[in-house]
Amino acid sequence: MNRFMEVLENVLMPVADKLNNNRYLTALRNGFMVALPLIIFGSIFVVIANLPFLDRLLGEEGYATYQNALGPASAATLSIMGLFVIIGIGYKMVEQRGGEAIYGGVVAIASFLVLTPQVVEDVSGGIPTSVLGAQGMFLGIFTAFFAAEIYQYFVKRNWTIKMPSGVPSAVSRSFSALIPITMTLTIFLAVRIIFSYTSFETVQNFIYTIIQEPLTVLGSGLPATIIAVLLIQVFWFFGLHGQIIINSVFDPIWYALNDQNLAAFQAGAELPNIVTKQFIDTFIVGIGGSGMTLAVVIGIFVIGKSRQLKELGKLGGPAGIFNVNEPIIFGLPIIMNPLVIIPWLLAPVIVALVTYFSMATGIVPKPAGVIVPWTTPPFLSGILATGNNIMGGVLQLFNMLIVFIIWWPFLKIMDKQYYENENKAA
Amino acid sequence: MMKILLACSAGMSTSLLVSKMEEEAKTRGISVDIWAVAQDKAPSEMEHADVLLIGPQMRFLKKKFEKRAEEVGIQLDVIDPIAYGRIDGKAVLDRALSLSGE
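Chains as they are written, first to last, in my numbering: chain A, 98 to 523; chain B, 576 to 677.
Here it is, written out as structure tokens:
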């Protein structure tokens, strides 16, 4: 067993290393971090705008006025999150190389706008907000990568206009970006023109049809989701931060699915997706942290006779309520512990299946597309994620019960071992 | 005054350690400044620190941080997983002190 673990660890470490130190994935992850405060701001107002019972309290007309008044909060942030992600990625890409980062952000968004059809329902002079939301997410990410790379390339070639030494440095800096930005945007303009002669007409269409749609369809399916969930657990089993590694690959897909749901939720239409960012974050990871260890903490309080487990419960419990579970993962321990590998891998898969089917059958509403901060305690986070529906919280409690039952026999064995060891030592 | 920087994915779980380490330093009468940050902030925070300790779940970042640590001339290490699980402020403070050679 030890030998097997060693071999696996030797495989996983380089994967984690590659995924996390890859410059594009790092920029992607950190770019999303830039957008996160805005996304959460928008989410808060979606929640407030859709509080339960308000429609009855205010009357139909009053409720519509209320929703219209709060609408811009999410329309300006959450619904067009692609805009901020693009700026964030462009910024981080250039920052990594030690360049003038703000130009990276600017050149990324400008390149994206160059590619964007500026026509809304046959009226020119407008930028459709839909391309800045879910629909344009993938094109935005690729554009930010390419724009920042091309910009950097020309900065490195040093095709800059050199100023005499007496010129203030801010002035010469603004000129130093001139040629790289001009070259970058010209290339993107050429790309746009080339695509206008193809059957796709726009780059938007091309990326959406060729890449985004197939990937999101794949990512919204149960098999890909189970694989992602299992990978998160396997990485954590070796003490490597599973979500941060897997999210850097899946986040664009999960956020795009989330945004589709948000648009439908706000339009009062049927929600299209079950698997979204919040499906993973709220119903699978967000019940005490990866592996839903809040149920394990409860198990420790119920079963624990050994001093070791009792101490651990006290250490890990309060943090667990806010979905921080490193004390449990390293303290139980879960890492490299053959005894817990079965519940550790099995529970999240069962919970993913239960969550999926309870949403597919309509017992629990699908995620409404709001982004709930991951430190929100379970029950509350479930209610918020489903658009203020109590069933979201109930499903989380049910999921906890499942985890609790699966863990029960294994916790019992572990507690007994610790208890006997402690008595022997005493 | 010794300055100890802790880094993990979001600076959450390492912040649990911060208060435990501060308590331990206080009982020993050592003057320390300890703070926890998310991993993406670590490279820029490193220049204000004497020592960087990385959460074991982020140990795959050690190689990347080593380059930066060399530039700003500080020592770094990954926190022992057992000490991390126990939120053992004493053991982690000891490691930080021995790293900085004090």
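Each residue gets a CB set at the ideal place from its N, CA and C atoms; glycine is no exception.
If I measure Cβ to Cβ from A:Glu367 and keep anything under 8 angstroms in the same chain, skipping five residues before and after, which residues do I get? Residue 367 of chain A sits at position 270 when you count from the first residue of the first sequence. Excluding positions up to five away in sequence, the list reads Ala361.
By DSSP, does A:Gln215 sit in helix, in strand, or in coil? As a first step, residue 215 of chain A is located in the first sequence; it is residue number 118 there, counting from the start. In this structure, A:Gln215 counts as coil in the three-state DSSP scheme.
Starting from A:Lys397, trace the alpha helix (DSSP H) both ways and give me its first and last residue. Position 300 of the first sequence, counted from the start, is the residue given in the question as residue 397 of chain A. The question names Lys, yet the displayed sequence has Ile at residue 397 of chain A. Leu391 to Ile400 is the extent of the alpha helix (DSSP H) around A:Ile397.
Any contact of the stretch 337–353 of chain A with the stretch 374–393 of chain A, i.e. 3+ C-beta pairs under 8 angstroms? yes
Anything in chain B within Cβ reach of A:Pro470, meaning under 9 angstroms, just list it in chain order. Within the first sequence, residue 470 of chain A is the residue found at index 373, counting from 1. Correct list: empty, because the minimum Cβ distance to chain B is about 11 angstroms.
Could you have a look at B:Asp608 and say whether DSSP puts it in helix, strand or coil? Along the second sequence, one-based indexing puts residue 608 of chain B at 33. In this structure, B:Asp608 counts as strand in the three-state DSSP scheme.
For chain B, check one thing: does any of its Cβ atoms lie closer than 7 angstroms to the Cβ of A:Asn520? Position 423 of the first sequence holds residue 520 of chain A. No, its Cβ sits nowhere closer than 7 angstroms to a Cβ of chain B.
How long is the line joining the alpha carbons of A:Ala482 and A:Gln301, rounded to whole angstroms? Indexing the first sequence from 1 puts residue 482 of chain A at position 385. Indexing the first sequence from 1 puts residue 301 of chain A at position 204. Each residue's Cα considered, the two are about 29 angstroms apart.
Just checking: is the beta-carbon of A:Ile384 within a distance shorter than 7 angstroms of some beta-carbon in chain B? Position 287 of the first sequence, counting from 1, holds the residue named residue 384 of chain A. Output row for A:Ile384: interface = no.
The beta strand (DSSP E) that contains B:Leu628, what's its start and end? Counting from one through the second sequence, the residue named residue 628 of chain B turns up at place 53. Where B:Leu628 is concerned, the enclosing beta strand (DSSP E) stretches over Val626 to Ile629.
Enumerate in chain order the residues of its own chain whose CB-to-CB distance from A:Asn358 is below 8 angstroms, with the five nearest sequence positions on each side excluded. For the purposes of this step, residue 358 of chain A is taken as the residue at position 261 of the first sequence. These residues qualify, in order along the chain: Leu368, Pro369, Asn370, Thr373, Lys463, Pro464, Ala465 and Gly466.
Cβ-based contacts, 8 angstroms cut-off: residues of the stretch 657–668 of chain B near chain A: Ile657, Tyr659, Gly660, Arg661 and Ile662
Could you check whether the Cβ of B:Met587 sits closer than 7 angstroms to any Cβ belonging to chain A? The residue given as residue 587 of chain B occupies position 12 in the second sequence. Interface residue, yes.
7 angstroms is my cut-off, CB to CB: does B:Pro631 come that close to chain A? Here residue 631 of chain B is taken as the residue at index 56 of the second sequence, counted from 1. Any Cβ of chain A closer than 7 angstroms to the Cβ of B:Pro631 would place that residue at the interface, and such an atom is present.
Taking a contact to mean a Cβ-Cβ separation below 7 angstroms, would you say A:Gly179 touches A:Gly202 in this structure? Position 82 of the first sequence, counting from 1, holds the residue named residue 179 of chain A. Position 105 of the first sequence, counting from 1, holds the residue named residue 202 of chain A. Going by C-beta atoms, A:Gly179 is not nearer than 7 angstroms to A:Gly202.
By DSSP, does B:Lys642 sit in helix, in strand, or in coil? As a working mapping, residue 642 of chain B is identified with position 67 in the second sequence. Helix, per DSSP.
Does the beta-carbon of A:Ser387 have 16 or more other beta-carbons within 10 angstroms, so that it is buried, or is it exposed? Taking the first residue of the first sequence as position 1, residue 387 of chain A is located at position 290. So A:Ser387 ends up on the buried side.
So is A:Ile503 buried or exposed if we call it buried at 16+ other beta carbons inside 10 Å? Position 406 of the first sequence, counted from the start, is the residue given in the question as residue 503 of chain A. Result: buried.
Contact criterion: CB-CB distance below 7 angstroms. Does A:Val421 meet it with respect to chain B? Taking the first sequence and counting its residues from 1, the one referred to as residue 421 of chain A is at position 324. Closer than 7 angstroms to some Cβ of chain B, the Cβ of A:Val421 qualifies, so yes.
Nearest residue (CA-CA) to A:Pro440, options A:Phe507, A:Trp333 and A:Ala146: Within the first sequence, the letter at position 343 stands for residue 440 of chain A. It is A:Phe507 whose Cα lies nearest to the Cα of A:Pro440.
Measuring CB to CB, does B:Ser584 end up less than 7 angstroms from A:Ile341? Working through the second sequence from its first residue, we reach residue 584 of chain B at position 9. Working through the first sequence from its first residue, we reach residue 341 of chain A at position 244. Yes, the pair counts as a contact, with Cβ atoms nearer than the cut-off.
Between the alpha carbons of A:Val144 and A:Leu154, how many angstroms are there, rounded? Translated into the one-based positions of the first sequence, residue 144 of chain A becomes position 47. Translated into the one-based positions of the first sequence, residue 154 of chain A becomes position 57. Whole-angstrom Cα-Cα distance: 17 angstroms.
Could you tell me whether the Cβ of A:Gly396 comes closer than 7 angstroms to any Cβ of chain B? Residue numbering aside, residue 396 of chain A sits at position 299 when the first sequence is read from its first letter. False, the Cβ-Cβ gap to chain B never drops below 7 angstroms.
What would DSSP say about A:Lys463, mapped onto helix, strand or coil? Position 366 of the first sequence, counting from 1, holds the residue named residue 463 of chain A. Looking at A:Lys463 - three-state DSSP - the assignment turns out to be coil, as it is neither helix nor strand.
Please report how far the alpha carbon of A:Ser227 lies from the alpha carbon of A:Gly233, in whole angstroms. The sequence position of residue 227 of chain A within the first sequence is 130, counting from 1. The sequence position of residue 233 of chain A within the first sequence is 136, counting from 1. So the two alpha carbons sit approximately 7 angstroms from each other.
Chain A contacts from the stretch 594–605 of chain B (Cβ-Cβ distance under 8 angstroms): none
With H, G and I counted as helix, E and B as strand and the rest as coil, what does DSSP make of B:Met596? Indexing the second sequence from 1 puts residue 596 of chain B at position 21. Judged by DSSP in its simplified three-state form, B:Met596 adopts helix.
Limits of the alpha helix (DSSP H) - the one that A:Val252 falls within: Along the first sequence, one-based indexing puts residue 252 of chain A at 155. Taken as a continuous stretch (DSSP letters only), the alpha helix (DSSP H) holding A:Val252 covers Met234 to Arg254.
Counting only beta-carbon atoms, is B:Leu628 nearer than 7 angstroms to chain A? On the second sequence, residue 628 of chain B is found 53 positions in, with the first residue counted as 1. No, because no Cβ of chain A sits closer than 7 angstroms to the Cβ of B:Leu628.
Where does the unbroken alpha helix (DSSP H) through A:Leu481 begin, and where does it stop? Residue numbering aside, residue 481 of chain A sits at position 384 when the first sequence is read from its first letter. Looking at the DSSP string, the run of the alpha helix (DSSP H) that includes A:Leu481 is Leu477 to Ala482.
By the 8 angstroms beta-carbon criterion, what residues does the stretch 427–446 of chain A contribute toward chain B? For the stretch 427–446 of chain A, the set of residues with a beta-carbon nearer than 8 angstroms to any beta-carbon of chain B comprises Phe427, Gly428, Leu429, Pro430 and Ile432, in chain order.
Taking just the CA atoms, how far does B:Ile605 sit from A:Ala205? On the first sequence, position 108 is the one that residue 205 of chain A refers to. On the second sequence, position 30 is the one that residue 605 of chain B refers to. So the two alpha carbons sit approximately 48 angstroms from each other.
Taking 7 angstroms as the threshold (beta carbon to beta carbon), is A:Ala336 in contact with chain B? To locate residue 336 of chain A, count along the first sequence from 1; it is residue 239. Ala is not the amino acid found at residue 336 of chain A; the sequence shown has Gly there. Yes, because at least one Cβ of chain B sits closer than 7 angstroms to the Cβ of A:Gly336.
Quick check on B:Ala658: does DSSP put it in helix, strand or coil? By one-based count along the second sequence, residue 658 of chain B stands at place 83. Correct three-state label for B:Ala658: helix.
Would a C-beta distance cut-off of 7 angstroms place B:Val626 and B:Leu674 closer than the cut-off? If you number the second sequence from 1, residue 626 of chain B lands on position 51. If you number the second sequence from 1, residue 674 of chain B lands on position 99. At a Cβ-Cβ threshold of 7 angstroms, B:Val626 and B:Leu674 count as neighbours.
Quick one: does the C-beta of B:Ile662 sit closer than 6 angstroms to a heavy atom of the ligand GTP? Within the structure as shown, the ligand GTP is missing, as the structure has no ligands at all.
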